[in-house]
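Heads up: the sequence lines are chains P and R, in that order. With numbering that gives the first Met the number 0 applied, the first sequence covers 0 to 397. With numbering that gives the first Met the number 0 applied, the second sequence covers 0 to 299. Some notes on the structure that comes next.
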Amino acid sequence: MNATPGGRPIIFLVARREVLKRLSGRVFRIGTVAMIALIAIGILIATVVNSKNGPQAVRVGFVGATTTLEPAFTGWATASGVKVSVGEVADVATGTAHVTDGTLDVLMTGSPTAPVAVVQDSVPSEIEPALDVAVLEARLTASGLTPAAVAEAVAGTHVGVRSLAPAKPTDPELGPKLAVAVFVAFLLYLSLALYGSFVAQGVVEEKATRIVEILLGTVRPSQLLAGKIIGIGLAGLLQLSIVGAAALAMFHATNVVSIPALSLTAILEYLVWFVLGFLFYATAYAAVAALVSRQEDVSGAIAPIYIALIAAYVLVSVVVPDPGSTVSAIISILPPFAPILMSVRMATGDATSWQVGLAIALELVSIGGLIWLAGRIYANSILRLGARVGFRDAFRGK
Amino acid sequence: MGPLAIEGLTKRYGDVVALDGLSLEVPSGEVFGFVGRNGAGKTTAMRIVLGVLTADAGDVRFGGTALTFEARRQIGYLPEERGLYPKMRLAEQLAYLAELHGMAPSPARAAASAWLDRFGLAARAREDLQSLSLGNQQRVQLAAALVFGPNLLVLDEPFAGLDPVAVDVMSGVLREQADTGVPVLFSSHELELVERLCDRVAIVDLGRIVAHGTVAELRAGAPERRSVEAPNAPADWGEGIPGTTVVSRDGSRLLFEIDPGIDDQALLQAALATGPVREFHRVEPSLGEIFRAVLEEDAS
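The following block contains the structure:
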């Protein structure tokens with residue numbers, strides 16, 4: 000019904016024009032390059048930080064009888080690819096002091112068959128297996144090689160631990176995760192603001208230039224609106240996909256960070272949130288923009304919607320310090336904020352699946368409502384040139 | 000194709016009556032001129048035909064059936080407020096509009112370039128609309144109304160802002176379109192052009208048609224006029240000749256209006272009585288004069 004023989008569907012034509020227009024625009028080219036450059040800079044910073052305190056050797060000191068564990072430990076650790084630096088320590092007091100001031104990571108005390116590791120908080124997990132095997136060997140040596148003895152020796156070989164300053168468990172990936180979360184929030188905010196305003200400007204441009212009167216002779220308002228939103232949205236999605244792919248490629252090449260927040264799946268999830276957020280904001284933008292007829296009135300008209308988007312971005316600072324809190328969970332489920340805040344909480348790994356599901360469901364429901372409302376307002380005001388159309392008039396179609 | 004039949008259109012904006020039962024019919028192959036003062040309702044009527052405005056009452060039929068959205072897509076429309084995308088290349092823009100009206104991509108491109116050629120803009124096909132002068136933008140606007148091969152043309156002031164060359168091209172195009180059977184409805188204040196171009200004319204005032212017909216039919220209702228030049232006659236020779244009135248004077252040339260049933264030979268005799276007569280001829284009122292007379296009559 001939308002096209003006569005040989006012609007293409009109207010929405011396709013409208014959307015194609017929008018996509019081509021955006022792709023040939025400066026914002027697309029420069030914006031894409033800028034976003035990728037930003038990620039490259041981020042990777043550069045991460046690399047510098049990593050090389051400073053990055054994969055360092057675990058320093059293990061042996062005192063007294065435990066020195067016999069050293070060769071086996073070093074051997075096993077090296078074999079399993081863990082960098083260690085070992086040394087003998089004069090006495091327990093000196094070693095403990097080194098652990099306390101941080102010049103030593105682990106101090107092995109006691110007997111070779113039942114040693115005690117003195118550490119700040121916990122034994123670095125990567126050297127634990129090597130320690131266990133070294134102790135096992137010591138026990139086997141000490142007890143002869145009967146199967147029973149081996150079995151007995153194997154039982155309970157785990158090294159006893161005495162923590163000097165027990166710390167609450169922290170996520171070693173927390174730093175990178177938060178950095179990624181904040182960066183994703185920024186990119187989403189930027190893209191939603193940019194492409195949302197393209198929709199608003201596009202709607203007003205057609206009113207301001209009066210071309211809408213020609214268009215509506217052959218295109219229904221709903222087709223024009225849908226084509227515009229789809230076209231501009233696809234351009235935005237394409238830009239973010241290029242940025243996402245470039246980011247993935249750079250992470251892969253530099254191997255600087257590999258955390259779940261930067262996996263392919265995660266990036267696809269962020270793109271889904273862009274699509275949902277874009278549909279939400281673009282539809283709202285289109286509705287309010289249809290009320291005015293001049294480009295200079297656009298910013299005033301879209302201000303209320305833009306404020307909601309800014310609020311979503313500002314609330315990132317509420318979510319980031321404690322992404323797992325109830326407050327964070329609640330605000331990240333609300334439709335105006337979910338696209339940005341839920342992405343943040345998914346990046347930090349704090350969003351549970353029911354929260355994500357609920358947020359998506361609410362987002363879809365509100366998008367549906369907005370499309371209905373915007374379609375009505377748009378159709379009723381798109382041909383009303385001149386003074387700003389009142390919201391109620393536009394809704395009622397008076 | 001056609002006819003386009005408009006019947007009893009009524010439209011009010013609050014207390015303002017824009018259309019008050021306007022009816023007209025444009026048969027297939029006819030160029031129909033729509034004249035009237037500013038605010039008479041011409042634009043409102045055209046916008047209702049295009050469906051960009053809805054009437055309070057009345058209907059619009061094309062080929063005997065009510066105009067549906069699909070049927071309206073085949074109307075070539077030139078709105079009063081011109082508008083195209085300023086930052087889009089001419090050829091792309093016209094091809095896009097042609098496709099929106101249902102043409103397949105490659106015929107759409109061909110039609111776009113053919114119309115640009117016709118309006119003398121072929122060399123600028125790859126330029127943005129905004130780089131053109133207003134007159135040239137106007138030509139593109141006309142091409143936009145024609146590019147998809149419409150089966151009805153509704154043009155609001157198609158000649159406004161055109162240079163004489165473009166006026167000739169446009170006149171030729173309208174005639175040509177009508178000759179292929181397309182009904183052409185256009186409004187204009189250039190009454191000489193309307194007179195020359197139109198098969199029929201309707202004069203609109205206060206939202207309704209106050210006179211319509213061929214220009215000859217409209218003239219038939221106007222009073223008979225004679226222009227007389229009698230160089231040696233006294234200044235007041237024209238006063239008091241029974242059944243005649245002096246409408247205007249230009250030196251020794253007087254324009255008379257003759258009441259119905261009065262023999263113009265009596266006027267000639269009176270003129271000859273003053274001396275030589277250099278000129279004595281019938282003056283047909285221009286459409287402009289008919290227009291003013293009709294509006295005056297309508298006002299009283």
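From the three backbone atoms N, C-alpha and C, an ideal C-beta is built for every residue, glycine too. As the structure is a prediction and not an experimental result, all values here were calculated from the model.
Below 8 angstroms CB to CB, which residues in the same chain sit around residue i once its five sequence neighbours on both sides are set aside?
i, result
"Phe394/P", "Leu372, Arg375, Ile376, Asn379"
"His280/R", "Arg225, Ser226"
"Ser186/R", "Gly32, Phe33, Val34, Gly35, Lys41, Thr42, Met45, Leu154, Asp155, Glu156"
"Leu286/R", "Val34, Leu190, Glu191, Val193, Glu194, Val200, Val214, Leu217"
"Ala39/P", "Met249"
Check whether the Cβ of residue i lies closer than 8 angstroms to any Cβ atom in chain P.
i, result
"Arg81/R", "yes"
"Glu126/R", "no"
"Ile74/R", "yes"
"Leu89/R", "no"
"Tyr12/R", "no"
"Arg71/R", "yes"
"Ala103/R", "yes"
"Ala159/R", "no"
"Glu29/R", "no"
"Phe185/R", "no"
"His100/R", "yes"
"Ala118/R", "Looking at the sequence itself, residue 118/R is Phe, so the reference to Ala does not match. Not an interface residue."
"Ala143/R", "yes"
"Phe68/R", "yes"
"Pro222/R", "no"
"Pro26/R", "no"
Tell me whether residue i is buried or exposed, calling it buried when 16 or more other Cβ atoms sit within 10 Å of its Cβ.
i, result
"Ile29/P", "exposed"
"Thr347/P", "buried"
"Val32/P", "exposed"
"Asp14/R", "exposed"
"Gly101/R", "buried"
"Ala2/P", "At Ala2/P the pLDDT is 43, less than 50, meaning the model places this residue with poor confidence; the figure from the coordinates comes in the next sentence. Its Cβ being crowded by 16 or more others within 10 Å, Ala2/P is buried."
"Tyr197/P", "The sequence given here places Phe at residue 197/P; Tyr does not occur at that position. Looking at its Cβ environment, which holds 16 or more other Cβ atoms inside 10 Å, Phe197/P is buried."
"Tyr12/R", "exposed"
"Pro182/R", "buried"
"Lys86/R", "exposed"
"Leu43/P", "exposed"
"Phe61/P", "buried"
"Gly201/P", "buried"
Determine whether the Cβ of residue i lies closer than 8 angstroms to any Cβ atom of chain R.
i, result
"Ile9/P", "yes"
"Val218/P", "yes"
"Ile213/P", "yes"
"Gly6/P", "yes"
"Arg387/P", "no"
"Ala2/P", "Reliability of the predicted coordinates at Ala2/P is poor, the pLDDT of 43 falling under 50, and the value obtained from them is presented with this limitation in mind. It does; some Cβ of chain R falls within 8 angstroms."
"Leu193/P", "no"
"Arg391/P", "no"
"Leu12/P", "yes"
"Arg209/P", "yes"
"Arg293/P", "no"
"Arg16/P", "yes"
Among the residues of its own chain, which have a CB less than 6 angstroms from the CB of residue i, if the five just before and after it don't count?
i, result
"Val166/R", "Phe158"
"Ile366/P", "Leu278, Phe279"
"Ala260/P", "Lys176, Val179, Ala346"
"Ser221/P", "Gly374"
From the DSSP output, which residues share a beta bridge with residue i?
i, result
"Asp19/R", "Thr9/R"
"Val183/R", "Val30/R, Leu152/R"
"His280/R", "Ser226/R"
"His211/R", "Ala201/R"
"Glu256/R", "Arg224/R, Thr244/R"
"Val32/P", "DSSP, once it has assigned bridges, lists no residue as partnering Val32/P."
"Pro8/P", "Partner(s): none; Pro8/P has no beta bridge."
Who are the near neighbours of residue i in its chain, counting only those whose CB is closer than 7 angstroms to its CB and skipping five residues on each side?
i, result
"Thr73/P", "Val83, Val85"
"Ala76/P", "Val83, Ile126, Ala129"
"Val98/P", "Leu106, Val117, Val118, Gln119, Leu163"
"Met0/P", "Residue confidence for Met0/P is low, a pLDDT of 38 falling below 50, so the modelled location carries little weight; the figure read from the coordinates is stated next. There are no such residues."
"Gly274/R", "Ala229, Asn231, Ala232"
Against chain R: residues of the region 356 to 367 of chain P by CB proximity under 9 angstroms:
none
What are the residues in the region 20 to 52 of chain P lying within 9 angstroms of chain R by C-beta distance?
Within the region 20 to 52 of chain P, those residues whose Cβ lies closer than 9 angstroms to any Cβ of chain R are, in chain order, Lys20.
Chain P contacts made by the region 36 to 66 of chain R, where a contact means CB separation under 9 angstroms:
Arg46, Leu49, Gly50, Val51, Leu52
By the 9 angstroms beta-carbon criterion, what residues does the region 228 to 240 of chain R contribute toward chain P?
none
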